[in-house]
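Undergrad:
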Amino acid sequence: MKLLLNKPKKIIVTKPPKGGGTPPGRALLRQAFLALIIFFSLVSIYSFVRDSSKSVEEISLSSLAEEISLGNVISIAVVGDKLEITFRDSEEEKVSKKEAGTALTTTLKNYDVSPEALSKVDIEVKSDQGFLYWFASLAPIVLPIAFIVFFLWFLSRQVKGAGMQAFTFGQSKARMTHPDDKSQKVTFKDVAGCREAKEELREIVDFLKNPKKFLDIGARIPKGILLMGAPGTGKTLLARAVAGEAGVSFFSISGSEFVEMFVGVGASRVRDLFDLAKKAAPAIIFIDEIDAVGRVRGTGVGGGNDEREQTLNQILVELDGFEPNEKVIVMAATNRPDVLDPALLRPGRFDRRVTLDLPDRRDREEILLIHAREKPFAEDVNLVLIAERTPGFSGADLYSLMNEAAILAAREERGKVSQFDLIRSIEKVMLGPERKSHILSQKEKRLTAFHEAGHAVVASVLPYADPVHKISIISRGRAAGYVLKLPLEDRKLQSRKEFLDDIAVALGGYVVEKTIFDDLTTGPSNDLQVATALARDMVTKYGMSEKMGPIALEGVGGKPIFGLGVGDKEYSEKVGAEIDAEVSKIMNEAMKKVEKIIKDHRKVLDTIAARLIEVETIEQKEFEEMLVVHGITPKKKKDIEHQA
Ligand code: ADP
Ligand code: MG
Ligand code: ZN
């Protein structure tokens, strides 16, 4: 475990780089390498200083020979090829160089120095002290070692430290946030909306703060809390906020981090994590995306599932193994509660379940306000309007909207974020970035304009379809054009009539291509998928088909998938055929309806398409004016406030 529990007051290992800190073995190698480099630089500095410390006169060999013959030289020290000469009548030393590989006496004899003169000179051979000398004598020993060390170091980097990490495999990879860490602190103030969830969790905060109150009257404290909700609804954020409010240590790990390729690792990590948390109590353990390990057991094939099951079993064991007075609470989050193993949800384990819904209009406004805190806004910004225009956005979407707007403002060198930035960002978050470079040919442009106008007209005529906010033939993401529809109010339930109208609107583009252009393109393929999926859901999930009656043939969530991903159906081939027949009946009826609408409203369709070809984008106001001119009453927004 790399969590430095031995100095609990100051820890803050919130996000170690993937794979944890530097393994001890690698640190050692690195130090050895460093030491070698330092050693060599010291040696070279030493010899450099030593060489340059005394600047002495250099004389030639012939003048040396002459001086010796004259008897002026007392001694010569031979250091490698260098000669250091001491004279009789002068304090000063001089230097010279002899020919490499030849003895000094031989050389001098060649210069006609007589043996007698030479015998008066004291010749001393000293060992070489220079850098080259050191290098030459050490290299055969040091270089191979250095090479091996470097090789090992390189290797350990190559395998991402896997060799070294083998020793720390079973240890938990949890990140811990210490309560004193201000930079990481999140409280309920940072979480907008989620009122019921916060209410529910306040009790947990209360328990963590003063457990005695609860224990004294013999209350059993919940151990496991499961946060459920769509992606981006703030589950992770809320779990952090509970720890922040209670001021306790927060251990967070993702379900998938338990599972490695070796069997038994997950279970040992679970054990390790719970031990750590108990030592740091009071604490919260947060297992994010618990569905990665907590899926229903016994449905899979292959070894990977054995490992997952062992991990899950260990989690169950740990949950049961708490002492009643242990101040550790386990929180988990998932967006697939339907696939969780029932054993996890049993009383005494994750028996508290907190559901986080997508934010409604008022919550969206609050979330926007939270993320607007540190951003400078122009006066024209109206967050209420943005909240109205973003039904179906999650907290994470809103966060990203705010961020996109700030980026837009910065890119255009404006110091403040304007309303227009925010509005543009809504579409960017919803549909992906505009692709202005994606130029349509004249023919494609006309076809796309009619296609989108088809959706828009059908949506405006049918009573239960959402009103149109914007039509555009500028491609975005994967769509060639788009019609932005916004519900008049947030809806939690969807009725049969709404389903039917939505299917019809989705078919609008298809029918226009088929009837007006008398041909079909690949354009409506996504529309068809959406429409068919809606029709199928009506028949198999919601009992909205007269023929099939009140029967749910497919679960709302995913069922356990066997092996290679073939869903196991719970109905016969015969019923399957009946479903298909019902679905195609719904689709065909919808198409008839749309064909009639397109025929009856051909004029307005032509007008809209022509305008689209001209300006590419039509906003709600202009669109509604066109509708009124052609005798269609635009749908009116009901008073928004009544639902808030
Ligand atoms: P989840 O875990 O449910 O997928 P997160 O908690 O990771 O979602 O949320 C992602 C981000 O979205 C958060 O970091 C936060 O910035 C923002 N966010 C989501 N919900 C809220 C909320 N209710 N209030 C404020 N911000 C939110
Ligand atoms: Mg999350
Ligand atoms: Zn379409």
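Residue numbers for the sequence shown follow this note's numbering, so the first one is 840 and each next one is one higher.
Glycine included, C-beta positions come from ideal geometry on N, C-alpha and C.
Consult DSSP for T1150 and reduce its assignment to one of helix, strand or coil.
TA: Reduced to three states, the DSSP call for T1150 is helix.
Undergrad: Can you tell me the Cβ-Cβ gap for F1090 and I1043, rounded? I've got them flagged as a contact below 8 Å.
TA: That pair is no contact at about 15 Å.
Undergrad: Taking the beta strand (DSSP E) that G1068 falls in, what are its first and last residues?
TA: Looking at the DSSP string, the run of the beta strand (DSSP E) that includes G1068 is 1063–1068.
Undergrad: Let me check you understand the geometry: is the CB of D1127 closer than 7 Å to at least one non-hydrogen atom of ligand 2?
TA: Yes - ligand 2 has a heavy atom lying nearer than 7 Å to the Cβ of D1127.
Undergrad: How should G1141 be labelled, buried or exposed, when 16 other C-beta atoms within 10 angstroms of its C-beta is the threshold for buried?
TA: In this predicted model, G1141 has a pLDDT of only 48, less than 50, meaning its place in the structure is not dependable; the value taken from the coordinates is given anyway. Exposed, since its Cβ has fewer than 16 Cβ neighbours within 10 Å.
Undergrad: With 16 other CB atoms within 10 Å as the buried threshold, where does I1310 fall?
TA: Per the 10 Å Cβ criterion, buried.
Undergrad: Write down every uninterrupted run of the beta strand (DSSP E) in the segment 1258–1331 whose length is 3 residues or greater and which is fully enclosed by it, in chain order.
TA: Listed in chain order, the complete beta strand (DSSP E) runs (minimum 3 residues) inside the segment 1258–1331 are 1307–1311, 1321–1324.
Undergrad: Tell me which residues pass a beta-carbon proximity test against ligand 3: closer than 6 Å to any heavy atom, given in chain order.
TA: Result: H1290, H1294, G1348, P1363, D1366.
Undergrad: Can you list the residues near ligand 1, meaning Cβ strictly closer than 6 Å to any non-hydrogen atom, in the order they appear in the chain?
TA: Those residues are V1030, A1031, G1032, C1033, G1068, P1070, G1071, T1072, G1073, K1074, T1075, L1076, A1172, I1206, I1209, G1234, A1235, Y1238, given in chain order.
Undergrad: Alpha carbon to alpha carbon, how far is V1443 from V1468? Give it in angstroms, no decimals.
TA: If you take the alpha carbons of V1468 and V1443, they lie about 9 Å apart.
Undergrad: Taking DSSP as the reference, what is the three-state secondary structure of S1411?
TA: It is coil, neither helix nor strand.
Undergrad: Per DSSP, V1167 forms a beta bridge with which residues?
TA: Beta-bridge pairing links V1167 to A1122.
Undergrad: Return the residue from the list E1038, N1152, Q870, F1216 that minimises the CA-CA distance to R1136.
TA: The residue with the shortest Cα to Cα distance from R1136 is N1152.
Undergrad: Using three-state DSSP, classify E1480 as helix, strand or coil.
TA: Residue placement at E1480 cannot be trusted, given a pLDDT of 39 that sits under 50; what the coordinates show is reported in the next sentence. Helix, per DSSP.
Undergrad: K1275: which of K1432, V1433, G1320 sits nearest, CA to CA?
TA: Ranking K1432, V1433, G1320 by Cα distance to K1275 puts G1320 first.
Undergrad: Using a threshold of 8 Å, state whether the C-beta atoms of L1451 and E1291 are closer than that.
TA: Going by C-beta atoms, L1451 is nearer than 8 Å to E1291.
Undergrad: Out of curiosity, what's the CA-to-CA distance linking S1384 and K1432?
TA: Whole-angstrom Cα-Cα distance: 18 Å.
Undergrad: Looking only at DSSP bridge pairs, what is F1216 linked to?
TA: For F1216, which the question treats as bridged, DSSP gives the partners V1256.
Undergrad: Applying the criterion that 16 or more other CB atoms from any shown protein chain within 10 Å of the CB defines a buried residue, is E1463 buried or exposed?
TA: Counting Cβ neighbours within 10 Å, E1463 comes out buried, since at least 16 surround it.
Undergrad: To which residues of the same chain is I1206 closer than 7 Å at the C-beta, ignoring the five residues directly before and after it?
TA: Correct list, in chain order: A1031, G1032, P1198, G1234, L1237.
Undergrad: Go through the segment 1423–1471 residue by residue and report every complete run of the alpha helix (DSSP H) that reaches 4 residues or more, in order.
TA: Segments of the alpha helix (DSSP H) lying fully in the segment 1423–1471: 1441–1454, 1459–1468.
Undergrad: DSSP state of T1229, grouped into three classes?
TA: Three-state result, T1229: coil.
Undergrad: According to DSSP, simplified to helix, strand and coil, what is I924?
TA: Strand.
Undergrad: Quick one: measure Cβ to Cβ for V1087 and P1018, integer angstroms, because I've assumed they're closer than 8 Å.
TA: Confirmed, about 6 Å.
Undergrad: Work out the CA separation of V882 and W973 for me, nearest whole Å.
TA: Computed Cα separation, rounded: 8 Å.
Undergrad: Quick check: G1094 and E1128, are their CB atoms within less than 8 Å of each other?
TA: Contact flag set, yes.
Undergrad: Mind checking whether A1248 and K1255 have CB atoms under 8 Å apart?
TA: Yes. Within cutoff.
Undergrad: Which residues mark the beginning and the end of the alpha helix (DSSP H) in which V1351 is found?
TA: Looking at the DSSP string, the run of the alpha helix (DSSP H) that includes V1351 is 1335–1355.
Undergrad: If you compare alpha carbons, which of K1052, I915, H1294, V1414 is closest to I962?
TA: Out of K1052, I915, H1294, V1414, I915 has the C-alpha closest to the C-alpha of I962.
Undergrad: If I measure Cβ to Cβ from V1047 and keep anything under 6 Å in the same chain, skipping five residues before and after, which residues do I get?
TA: Note on residue identity: the sequence assigns Leu, not Val, to residue 1047. So the qualifying residues of the chain are A1085, V1087, P1121.
Undergrad: For D1419, count neighbouring C-beta atoms within 10 Å of its own C-beta (all shown protein chains included) and say buried if the count is 16 or more, exposed if not.
TA: Counting Cβ neighbours within 10 Å, D1419 comes out exposed, since fewer than 16 surround it.
Undergrad: Measure the alpha-carbon distance for T1287 versus A1370 and round it to whole angstroms.
TA: Their backbone Cα atoms lie some 19 Å apart in a straight line.
Undergrad: So L1076 is in the alpha helix (DSSP H); what residue range does that whole segment cover?
TA: That run of the alpha helix (DSSP H) goes 1074–1085.
Undergrad: Using 8 Å as the Cβ pair cut-off and three pairs as the minimum, do the segment 1162–1177 and the segment 1061–1068 touch?
TA: These segments touch.
Undergrad: Nearest-angstrom Cα distance between V1405 and V1350?
TA: Confidence is the limiting factor: at V1405 the pLDDT is only 41, short of 50, which leaves the residue's position unreliable and the question unanswerable from this model.
Undergrad: Which residues in the same chain as L1392 place their Cβ atom closer than 6 Å to its Cβ, once the five residues preceding and following it in sequence are excluded?
TA: T1379, Y1410, listed in sequence order.
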